[in-house]
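Protein chains in written order, with the working numbering: chain A, 1 to 742; chain B, 1001 to 1742.
Following this line, the structure appears as structure tokens:
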């Protein structure tokens, strides 16, 4: 009847990993009824560290390189992967994990801060591959399909989240550069055949320095652009003066975590312009101390600790003097006095702007009160969409979750498409001169006159992902019977290269009856919002950065959070990856579990991803039972939301485990109630009956354990037996589940 | 070589009529060189009065009914009419004109205030035809083509008018109803064949009252709509509360002069809501006194004058108490303490909103300072475009006259098309019930449930003007090689009827190479503005109200005034009418002439209209010389603007007559300089030489007369000999002109 199939469930870190101990047994038990095997792959930070040193570990301690295996799998047409959020490790996190693993008896080396020997350099190289965002770029061999699942949308309509009222007289706005930024200098070319290019800097003395060599594919798009340091600093000064005059609070919104080369520099200029008096006065001293404004004003606080108390006091006094003539700044934490310029990673534009817009266009001042705000986003490319939404809210009031439509996204992401992959092609200019991109034969493809301090960057977009992205857009428009808009800005050189491809590749599809348009960003967001307030859906088909921004922006308006979005990566090779939990891996949740035996992680993302994964399995392998499992899982999720059985926040309420029990209860009930498959009905009817009858007992068993500390034997690599015991405390429930396939 | 042709130059009132005494001899002299006769038609108020009583006047006092003749002429394909602004007489103006004419020996009857006998009723009926806007509706047998002439646009770019800076933090905005207004209740039908309809009110008791009978043509569009009195009042209260909370100043923008039935009622509700406490307290007394809030709060001041001083004082005290808890209101004249609610005709939306937007989005408060303002425009149909422009200015800053493009207009106007012709079909409901439009056979075409106080209105649009309007849009798009956008809102029932016709009639034309689009109002204005700030032009193709609004809004941004626009009415029968002087007939200018012999009227509109009139004559009759006259007149106008030879404002500077001399000088120079026509060159070379040589003498003669009172023998019908003498004081110039065709 059906080809045997399997679902790969990733084992990751922190809260999602803990939740997996409870949820996976349920999933395995239910999936077995449709002959679907559920296998795990360990891509946790600990697992990845150990895999990196497999050659040096004792035989009994060796682990497989599951990430590499998964990466291979993404190129198989039958890949079906549930991808939970994992740690993107910073150096401190990496060191902590190493220490924990060493304590557990794994013979791995320390992290070499300053590698000197070849051996140390080898170690450092291995650890470097584990650092940062090391998983997604390897696995994302497909473009992105993100949308609000029907059950989640229905829940938001019934139980709308709070939305701050917008005043028509609001002074809040987005402010961005009008010239001198990446947007206004962008050049873009498409390779007519494969070829090598050099990115070069030509000094005023004519000396050529090769910054980077790239091997480009046929049809690959390459962009070059730069941001003027002088114009950026002048812009910051203007925004500060303007806020001073109007009394509107000043805030800065960048994405230093993702644009990890360029945005810290931009952030650093904001710091040194805002605190100009201090940096002017102590310039030499700060240089000696190693103060780096790119790390925020906190860098000053850190570095001056080595100074005599009186000198520290003088500097702190001068910092405070700055506030007297600078406008009020938005606070990250007004209680602790943490400002917007404290550290670069505190305010992340794609999260901070929707939060501001949802909060009546206001942020918090140093007195803890919310105030109208100038949201400074120097780069104008995407900043304009926030101003458009702000104007829209001033005109039409706050969005209404009860009536608003949805803006799902089809995002270009595969093979590190576009801006997010250009860290190694971003350079801060050390002198005045010319940056140019040159073909092997010397042909100059593009060039910019730059000045010292300017930030120049290139970015690549391969042709195959674009073609796949167009296909995905058409597929989604067809499947959801929804208009799709390609957000391609007529004033962006890059987008105009893409538009040619989009127009070409659209011809490969049957577009009859579809509404597919190409629009500039402002027009596109405006149309989407006009439709949205009339309850209509519009698919946004965007590049990689807008994918990231919009899949926070719209969900936060529609659902109050982006964590409830379905995030599918239809792999270019034909398989599917289903990502869950945009909310990160939640370290605070682990702490709460260990201290109070209460896990508030919400596995909703996993429920939603699993349902699609099951449905896809059904479609691809002709496994009708799988389809029914998927459909009933969605029904169960809807009921769970409706009955408010998602985890709460505090001991004494329902937690992650209780929520899993209700999922199993509702899922089994839905399977028992359906009449499409008699076998499944017969198989699950007893379980549904049993769980219904034992609801009170199970809930009591689950509640009984709460409130006391527990030991799970580790943080980065907890003990499986201990953790499983903690996460499955209801023997009644465990027995019922065990009996299902017995 | 060419068919003989003539231009009809209208003789009107006040300043434009005075200027005609100086300009017309120049025009006649120049036009004669191309065999073009220039004839006048007297459509002055005095002329129209006399024509109405021609049957009762002595033979030597009889005058022709020139307006009736002109109206006939508009139906001739060779009509070529220069239409100067005339008086739209109020009753006081009419009475003054009657008295003056009687004193001049014209045996005309007095104006009967309260006609009783048949004879009196006949007199009153004759005078009624002279009252108000009695000329334009008779002559406008065509749609409207308004644009900034090239010379004027070039002048604005070289000498940009002041534009108030916009703050991104501005709190100013437009506010309008979200439901309950005409927009949200509009219904619209198109007659599939000619037929009579009744507009009826059906009371709660079932009694039917016929309010109006209409004979509709095949293809005619009829709309019905109403504004809810309760929702309007609730809306006003909300806007006042909102301003009180935000501290933004409150202002009301309606067009009570043009929407002369509905808008005074709307205005009256604003007055009685703002001053609610006073109207609540003195309701009965005000009714006895005949206070009508529709006439503004000034009506209270007027009517209470009959009361004892102490009672007056009490009421005035209570009025002042209102200001304590109501928000600050925008002032019409802060020095005199005239508020926005003083009288309904002081604030006219199509002039007041552009003025506010040009003025940084601010109006004046009672302290004479400019402040951010809530512009209240209850009816949302057109109010939205102002909010769109305000948002645009907040985002992009004030428009820049130096670089901005233009938005010319092609407006549906012929045969009283659309809303401006519905005064006789607008009703304030006297009771709850149903308003319906019924065919002769009883078929109900549309109906609305209404409540007492609601304002219901219908409006008609004939098919032939729509077809002509589409043709004019295509013609203008073709001639100016400019994209044209039909502003038709997908949410307006009326516009959707029009859109069907537009789509049909567009098929009658060759559209190859043209960019013609149909867009909702917000989209259309946004696109036009986005193009405008990039220096690009976009033709707005609109209905009658938007024609009126946009031909103030865009010109005031582009040129600082709408008076410099070229206003062409291509008549449906094939002729052309060229309107001049959107600034009215300027009574204060007459006073200045009589007191100081200085006329500051600017004949720019006449220059521009004449040039197009000459060009059209040339095209239609194959008269090459006429075309050259037109072209060189435009060059002369451009030079006149460049050399700053427009009339100034005060004695001692150049006035209207001096400006005319320079026009003649530059025009003759341009004709002498051209090489397209040797005859014209030869004909004008001596005049150009003579005027150049005698410039100083002529300017001295013109300046010499200034500063002393003069007698022109009348106001409404000045003495032609006396006036001509005053307006042509330079014998040197007069002789040179006389010699031209001698």
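Idealized CB from N, CA, C, for every residue including glycine. Computed from a prediction, not measured in an experiment: that's the story for all the values here.
- How is residue 1556 of chain B classed by DSSP in three states: helix, strand or coil? helix
- Query: Of all the CB atoms in chain B, is at least one closer than 9 Å to the CB of residue 531 of chain A?
  - Reply: no
- Item | Residue ranges of each beta strand (DSSP E) within the stretch 1330-1408 of chain B, 3 or longer | 1331-1333, 1362-1364, 1370-1376
- Message: For residue 2 of chain A and residue 34 of chain A, what's the separation of their Cα atoms in angstroms?
- Response: Here residue 2 of chain A scores only 43 on pLDDT, less than 50, and its place in the model should not be relied on; the value that follows carries that caveat. Roughly 9 Å between the two C-alpha positions.
- Residues in the stretch 1376-1391 of chain B having any Cβ partner in chain A nearer than 7 Å: 1387, 1391
- Which runs of the beta strand (DSSP E), 3 residues or longer, sit entirely within the stretch 1502-1580 of chain B? 1516-1519, 1539-1542, 1566-1570, 1576-1579
- Compute the Euclidean distance between the alpha carbons of residue 201 of chain A and residue 454 of chain A, then round it to the nearest angstrom. 12 Å
- Could you work out which residues of chain A lie near residue 1246 of chain B, taking near to mean beta carbons separated by less than 9 Å? 167, 168, 169, 170
- Task: With DSSP collapsed to three states, give me the class of residue 1001 of chain B.
- Result: With a pLDDT of 41 at residue 1001 of chain B, under the threshold of 50, the modelled position of this residue cannot be trusted, and the question is left open.
- Task: Would you identify the three-state DSSP class for residue 328 of chain A, choosing helix, strand or coil?
- Result: coil
- Are any of the Cβ atoms in chain A nearer than 9 Å to that of residue 1732 of chain B? no
- Name the residues in the stretch 393-412 of chain A whose C-beta lies less than 7 Å from a C-beta of chain B; which are they? 394, 395
- Using only alpha-carbon positions, find the residue among A:466, A:92, A:70 that is nearest to residue 136 of chain A. A:70
- Those residues which DSSP pairs with residue 1448 of chain B across a bridge: B:1435
- Item | For residue 1080 of chain B, the three-state DSSP class (helix, strand or coil) | strand
- Task: Give me the Cα-Cα distance between residue 486 of chain A and residue 1356 of chain B, rounded to the nearest whole angstrom.
- Result: 37 Å
- What are the boundary residues of the alpha helix (DSSP H) that includes residue 723 of chain A? 720-727
- Name the two residues that bound the continuous alpha helix (DSSP H) containing residue 1683 of chain B. 1678-1693
- Check each residue of the stretch 1208-1242 of chain B: if its Cβ is closer than 8 Å to any Cβ of chain E, include it; give the result in chain order. The structure shown contains no chain E; the protein chains it does contain are A and B.
- Message: For residue 1526 of chain B, would you say it is in contact with chain A, using Cβ-to-Cβ distances shorter than 9 Å as the test?
- Response: yes
- Item | Own chain residues within Cβ distance below 6 Å of residue 1279 of chain B, not counting five before or after | 1272
- Message: Only counting the same chain, and skipping five residues up and downstream in sequence, which positions put a Cβ closer than 6 Å to that of residue 149 of chain A?
- Response: 566, 608
- How is residue 1653 of chain B classed by DSSP in three states: helix, strand or coil? coil
- Task: Have a look at residue 738 of chain A and residue 687 of chain A and give me their C-alpha separation to the nearest angstrom.
- Result: 10 Å
- So, does the CB of residue 320 of chain A fall closer than 9 Å to a CB anywhere in chain B? no
- Query: Taking the beta strand (DSSP E) that residue 175 of chain A falls in, what are its first and last residues?
  - Reply: 173-175
- Looking only at DSSP bridge pairs, what is residue 459 of chain A linked to? A:223
- Item | Contact belief for residue 1430 of chain B with residue 1452 of chain B at Cβ below 8 Å, rounded distance in angstroms | 7 Å
- Message: Please report the distance separating the alpha-carbon of residue 1501 of chain B from that of residue 1224 of chain B.
- Response: 19 Å
- Task: Can you pull the chain A residues whose beta carbon is under 7 Å from the beta carbon of residue 1253 of chain B, in chain order?
- Result: Simply none; closest approach about 15 Å.
- Query: Contact check, residue 545 of chain A vs residue 382 of chain A under 8 Å by CB: the rounded distance?
  - Reply: 6 Å
- Message: In the DSSP assignment, the beta strand (DSSP E) including residue 1214 of chain B goes from what residue to what residue?
- Response: 1208-1216
- Message: Three Cβ pairs or more, each shorter than 8 Å: is that satisfied between the stretch 1195-1215 of chain B and the stretch 1166-1186 of chain B?
- Response: no
- Query: So, does the CB of residue 369 of chain A fall closer than 9 Å to a CB anywhere in chain B?
  - Reply: no
- Stretch pair the stretch 405-413 of chain A + the stretch 139-149 of chain A: three plus CB contacts closer than 8 Å: yes
- How would you list, in chain order, the residues of chain B whose beta-carbon sits under 8 Å from the beta-carbon of residue 173 of chain A? 1168, 1169, 1394, 1395
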